[in-house]
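Anchor point for the sequence shown: position 41 equals 40 in numbering that gives the first Met the number 0, and the numbering is continuous, going up by one each time.
Written below as structure tokens is the structure these notes are about.
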Amino acid sequence: MKEFNNILSVIKELERLKNNTRTAWTSTGRQESIAEHSWRLSLFSMILVDYFPEMDRMKVICMSLIHDLGEAFDGDISAKAVVNTDGKMEKEEKAMIKLIEPLPEKMRHRLLSLWWEYNKGETKEAQLVKALDKIETIIQHNQGNNPPDFDYQFNLDYGKKYSYIDPIIESIRELVDKETMGKIQGS
């Protein structure tokens, strides 16, 4: 029973991701939550992983779900504001460990390993999720009802290096970049 109480305590802590917002806005002008971003990224990944049969489908989906768990306590740090990514990773790792600490050791190990695999970006699954994470962010920027001073130009370079993993991802990125150019020219 204690184990299930511990699992429930982690699930309750995850509500923080619903409350913590990102520097992106929805089409209604409300700031997007970290949970909303992770949810749409997970669906995006689930749909696109079918184009990559050599990849571990479940790993891609799970990685998408947990990639931002380290933001539960301190929230999202805007990509524009990140100067020292090492410090950001250390902070998120500590938060991740704190968040999953009540879980059984095997679960903690699995979640932390998956989170590190994503952050290192060395496996094909991690590279796909990283690319889609950046693209989903740009899609939201383009789709959102943003403040008047929103910097759409930032989107054109944001995470671009991750898009070169495959021609399919490059094609999707090109489509999203065209939408960004439309926003720039229309603003």
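Ideal Cβ placement from N, Cα and C applies to all residues, glycine included.
Quick caveat: nothing in here was measured; it's all calculated off a predicted structure.
Integer Cβ distance of glycine 69 from alanine 34, believed to fall under 8 Å: In the sequence shown, the residue the question calls residue 69 occupies position 70. In the sequence shown, the residue the question calls residue 34 occupies position 35. Going by Cβ atoms, the distance from glycine 69 to alanine 34 rounds to 14 Å, so no, they are not a contact pair.
Going along the chain, which residues of its own chain have a beta-carbon closer than 8 Å to the beta-carbon of glutamate 124, five neighbours each way excluded? Residue 124 sits at position 125 when you count from the first residue of the sequence shown. Result list for glutamate 124: Met54, Asp55, Lys58, Val59, Met62 and Glu116, in chain order.
Rounded separation between valine 48 and isoleucine 134 - CA only: One-based indexing of the sequence shown puts residue 48 at position 49. One-based indexing of the sequence shown puts residue 134 at position 135. Those two C-alpha atoms are separated by around 15 Å.
Identify whether serine 32 lies in helix, strand or coil by the three-state DSSP scheme. Here residue 32 refers to the residue found at position 33 when the sequence shown is read from its first residue. DSSP places serine 32 in strand when its eight states are reduced to three.
Give the secondary structure of alanine 23 by DSSP, where H, G and I count as helix, E and B as strand, and everything else as coil. Taking the first residue of the sequence shown as position 1, residue 23 is located at position 24. Looking at alanine 23 - three-state DSSP - the assignment turns out to be strand.
Which residue from Ser26, Ile168, Ile164 and Asn141 puts its Cα closest to that of methionine 180? Position 181 of the sequence shown, counting from 1, holds the residue named residue 180. Minimum Cα distance to methionine 180 is reached at Asn141.
Answer with buried or exposed for glutamate 104, where buried requires no fewer than 16 other C-beta atoms within 10 angstroms of its C-beta. Looking up residue 104 in the sequence shown gives position 105. Exposed, by the Cβ-count rule.
Would histidine 66 be called buried (16 or more neighbouring beta carbons within 10 Å of its own) or exposed? Counted from its first residue, the sequence shown places residue 66 at position 67. Classification for histidine 66: buried.
Which stretch, first to last residue, makes up the alpha helix (DSSP H) that contains alanine 125? Against the sequence shown, residue 125 aligns to sequence position 126. 123-142 is the extent of the alpha helix (DSSP H) around alanine 125.
Three-state secondary structure assigned by DSSP to glutamate 173: Position 174 of the sequence shown, counted from the first residue, corresponds to residue 173. Glutamate 173: helix per DSSP, three-state reduction.
Which same chain residues, not among the five before or five after lysine 17, have their C-beta less than 6 Å away from its C-beta? As a first step, residue 17 is located in the sequence shown; it is residue number 18 there, counting from the start. Answer for lysine 17: Ser32 and Ala34, listed in chain order.
Using the C-alpha atoms, what's the distance from valine 175 back to arginine 107? Here the question's residue 107 lines up with position 108 in the sequence shown. Here the question's residue 175 lines up with position 176 in the sequence shown. Distance between the alpha carbons of arginine 107 and valine 175 is about 36 Å.
Boundaries of the alpha helix (DSSP H) in which aspartate 156 is found, first to last residue: Within the sequence shown, the letter at position 157 stands for residue 156. Taken as a continuous stretch (DSSP letters only), the alpha helix (DSSP H) holding aspartate 156 covers 152-156.
Check asparagine 145 in the structure and name its three-state DSSP category. Taking the sequence shown and counting its residues from 1, one reaches residue 145 at position 146. It is coil, neither helix nor strand.
Taking the C-alpha atoms as reference points, what is the distance between glycine 143 and aspartate 132? As a working note, residue 143 is residue 144 in the sequence shown. As a working note, residue 132 is residue 133 in the sequence shown. Using only the alpha carbons, I get a separation of about 16 Å.
State the start and end residues of the unbroken alpha helix (DSSP H) segment that holds serine 8. If you number the sequence shown from 1, residue 8 lands on position 9. Looking at the DSSP string, the run of the alpha helix (DSSP H) that includes serine 8 is 1-12.
What span of residues does the alpha helix (DSSP H) with aspartate 108 cover, start to end? Reading the sequence shown from its first residue, position 109 is the one you call residue 108. For the sequence presented, residue 108 should be read as histidine rather than aspartate. Where histidine 108 is concerned, the enclosing alpha helix (DSSP H) stretches over 104-119.
Beta carbon of serine 170, beta carbon of alanine 130: below 7 Å? The residue given as residue 170 occupies position 171 in the sequence shown. The residue given as residue 130 occupies position 131 in the sequence shown. It is not a contact, given that the beta carbons lie outside the stated cut-off.
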